[in-house]
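S.K.:
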Amino acid sequence: MRIDEEKLKEFEKIYNEKIEKSKPKYCPNCGESGLDAVVLYDVKPNEITVVYDCYCKKCGWSGEISPDSVANIDFQTTSEESEEVCCVCGHPLAMHIDEDDGWRCHCLGPDGYQCECFLRKNRAKGDITYYSLKKRVEQFKEELKKELKLLLEEDD
9 MRIDEEKLKE
19 FEKIYNEKIE
29 KSKPKYCPNC
39 GESGLDAVVL
49 YDVKPNEITV
59 VYDCYCKKCG
69 WSGEISPDSV
79 ANIDFQTTSE
89 ESEEVCCVCG
99 HPLAMHIDED
109 DGWRCHCLGP
119 DGYQCECFLR
129 KNRAKGDITY
139 YSLKKRVEQF
149 KEELKKELKL
159 LLEEDD
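In this text, residue positions in the sequence shown follow my numbering: the first is 9, and each later residue adds one.
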C-alpha cells in the first residue's frame, strides 16, 4: 500500500491547525493555564473523533474535553480578573462567558458537571463586575454603616 503524499500533507496541515491549536489551554475547574492535554483518537469507519485527555496540576482536575467543547474556550483574562469571585456560585468571574443575554459559568462543579450559574445582563448595573462577591460585600458593608448611622441618629 502506497502512501499518498498529498493526503499526508493535508492531514498534517489539518492536524496542526485544528487539533494542536485546539488543545485546551485553561482548566475548566480552576481557570488556570498550563493544563496538560494529550490527544486521543477514536477511529471508526468514516469517522475520526478527537478528544483531549486533560489533567490540571494546580487543582488536580482531570477529564476529557472535545475540541468543540465550551470548556475549550480560550479565556482572555488576566490573573487579576480571575481573582474576582461570583457572588452566586463562588467560581471566578473570569470563567463566566458572555452569551448575549447573560454570562454562563463554565466551571465544573464538585459532581463533575458544568455549573448551572447564569448571570443575567438585565439585572447587572454595568458589566459582570456587578456580580463580584467582593463588590457585593463592600456594598453590604456601606449599606449596613448607613443603617447603623440612621439608627444611632434616631436614638439621640
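Beta carbons are placed, not taken as given, at the ideal position from N, Cα and C, and that holds for glycine.
When the distance is taken between beta carbons, is G39 closer than 8 Å to A102?
M.R.: It is a contact, given that the beta carbons lie within the stated cut-off.
S.K.: DSSP state of A102, grouped into three classes?
M.R.: Of the three classes helix, strand and coil, the one that applies to A102 here is helix, per DSSP.
S.K.: Can you have a look at N130 and say buried or exposed, based on whether 16 or more other CB atoms are within 10 angstroms of its CB?
M.R.: Burial call: exposed.
S.K.: Quick one, which of F148, V59, V58, A45 has its alpha-carbon nearest W69's?
M.R.: Checking every option, the nearest Cα to that of W69 belongs to A45.
S.K.: I need the straight-line Cα distance from C35 to N24, nearest angstrom please.
M.R.: So the alpha carbons of these two residues sit roughly 22 Å apart.
S.K.: Taking buried to mean at least 16 other C-beta atoms within 10 Å of its own C-beta, is L156 buried or exposed?
M.R.: Exposed.
S.K.: If I follow the unbroken beta strand (DSSP E) through E72, where does it start and stop?
M.R.: Note, E72: beta strand (DSSP E), 70-73.
S.K.: How do the region 137-157 and the region 97-117 stand: do at least 3 beta-carbon pairs fall below 8 Å, yes or no?
M.R.: Yes: at least three Cβ pairs fall under 8 Å.
S.K.: From what residue to what residue does the beta strand (DSSP E) around L43 run?
M.R.: No beta strand (DSSP E) holds L43; DSSP gives it neither H nor E.
S.K.: Where does Y121 fall in DSSP's three states?
M.R.: Y121: coil per DSSP, three-state reduction.
S.K.: In chain order, what residues of the same chain have a beta carbon less than 8 Å from the beta carbon of D109, not counting five sequence neighbours either side?
M.R.: Counting only Cβ-Cβ distances below 8 Å, and skipping sequence neighbours, we find R128, K129, N130.
S.K.: Could you give the residue range of the alpha helix (DSSP H) that holds L127?
M.R.: Element bounds for L127: not the alpha helix (DSSP H) but the beta strand (DSSP E), 126-128.
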